[in-house]
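Position in the sequence shown (first residue = 1) + 294 = the numbering used here.
First the structure, in the form of C-alpha cells, and then the observations on it.
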Amino acid sequence: MNIIIAFAKSEDAQNFKSILSRGGYDGMVTCTSGAQALSAMEDLGSGVVICGYRLSDMLYSELAADLPNFFQMLMIASPDKAPIDNSGDKLVYLPTPLKKSDLFSTLELMLEGVTRSRKKAKEKAKQGRSDEDKKIINQAKEILMDRHHMTEPEAHKYLQKCAMDSGTSLKETAEMVISLSAI
C-alpha cells in the first residue's frame, strides 16, 4: 500500500520514512509541498498521506480538500494545531509527542480502510455494468484477441491496465480500442 510523507522540512519527512521503514513499511514517497503530494497521489491512485500542519506551499486543510478518492490523510501536529472540524472520514489527527505504537496502529487501520473502499468500489463497478457496457468491453477484447493474438484473460488484463494507467473507466478504454481499430 502507498504512503506519502509530506512535511515542510525534508528532515522531518526523512525521519518519518526511517521510522516506518524500520516498522516494515516500504515504497514510501517523501514530499515538502502540497503540490508534490498531490502529484504523487495522482501517480499512485490510493494510499495514506502523512503530513504536518503546514507544508511549504499550503496548510494540511488545503491538501485535505483536494484529496482524491481512495486517499486518507494522517495529520500529525501539536495539540494547539488540532483540526477544528475533524468530521471528515478522510482525515485522522494524531497529537505530538507521538508514540510509535499509535502511529503504526493508526496507519494500519487507515491503510485497511483504503483497501476496503477500493474493493467496494471495484465490486460496485462490476455489478453496475450494463449489458451495453459489457458488449462494448467484449467487442474491444475480441479486437485485441484477433489483432494481437491475445487470450481472453490477456485482453481483459490489457484493457484493465490501460484503463488504470490512463485514469479512465474500462468502458471508456474499450471504446478507445474500438475507435482506434477503425482507423
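Ideal placement from N, C-alpha and C gives every residue a C-beta, glycine not left out.
Same chain, Cβ closer than 8 Å to residue i, five either side skipped, listed in chain order
{"i": "A371", "result": "G346, Y347, Y354, Y387, P389, T390"}
{"i": "A457", "result": "S463, L464, E466, T467"}
{"i": "I472", "result": "I430, Q433, A434, I437"}
Whether residue i touches residue j by CB criterion (8 Å)
{"i": "S340", "j": "R412", "result": "yes"}
{"i": "I378", "j": "A334", "result": "no"}
{"i": "Q366", "j": "G407", "result": "yes"}
{"i": "T324", "j": "K303", "result": "no"}
{"i": "M369", "j": "L349", "result": "no"}
{"i": "G328", "j": "E356", "result": "yes"}
{"i": "L405", "j": "V343", "result": "no"}
{"i": "T326", "j": "F364", "result": "no"}
{"i": "G241", "j": "F398", "result": "The question about residue 241 has no answer, for the chain in this structure spans 295 to 477."}
Continuous beta strand (DSSP E) stretch holding residue i: start and end
{"i": "M367", "result": "365-371"}
{"i": "L388", "result": "385-389"}
{"i": "A300", "result": "297-300"}
{"i": "I344", "result": "341-345"}
Span of the alpha helix (DSSP H), counted from its first residue to its last, around residue i
{"i": "G328", "result": "328-338"}
{"i": "I313", "result": "304-316"}
{"i": "S350", "result": "Segment: none, S350 is in no alpha helix (DSSP H) and carries neither H nor E."}
Own chain residues within Cβ distance below 7 Å of residue i, not counting five before or after
{"i": "Y435", "result": "Residue identity check: residue 435 is Lys in the sequence provided, not Tyr. Contacts found: E446, A449, H450, L453."}
{"i": "L314", "result": "I297, M322"}
{"i": "D427", "result": "K465"}
With 16 other Cβ atoms within 10 Å as the buried cut-off, status of residue i
{"i": "A331", "result": "buried"}
{"i": "N296", "result": "buried"}
{"i": "A358", "result": "buried"}
{"i": "A415", "result": "exposed"}
{"i": "I477", "result": "exposed"}
{"i": "A307", "result": "buried"}
{"i": "L474", "result": "exposed"}
{"i": "L401", "result": "buried"}
Contact set for residue i: own chain, Cβ-Cβ below 6 Å, skip 5 residues either direction
{"i": "R410", "result": "none"}
{"i": "M444", "result": "L438"}
{"i": "L362", "result": "It is worth fixing the name first, because residue 362 is Pro in this sequence and not Leu. Excluding positions up to five away in sequence, the list reads M335."}
* To do: Note down, one range per segment and in chain order, each alpha helix (DSSP H) of at least 4 residues found wholly within the region 402-463.
  => 425-442, 446-460
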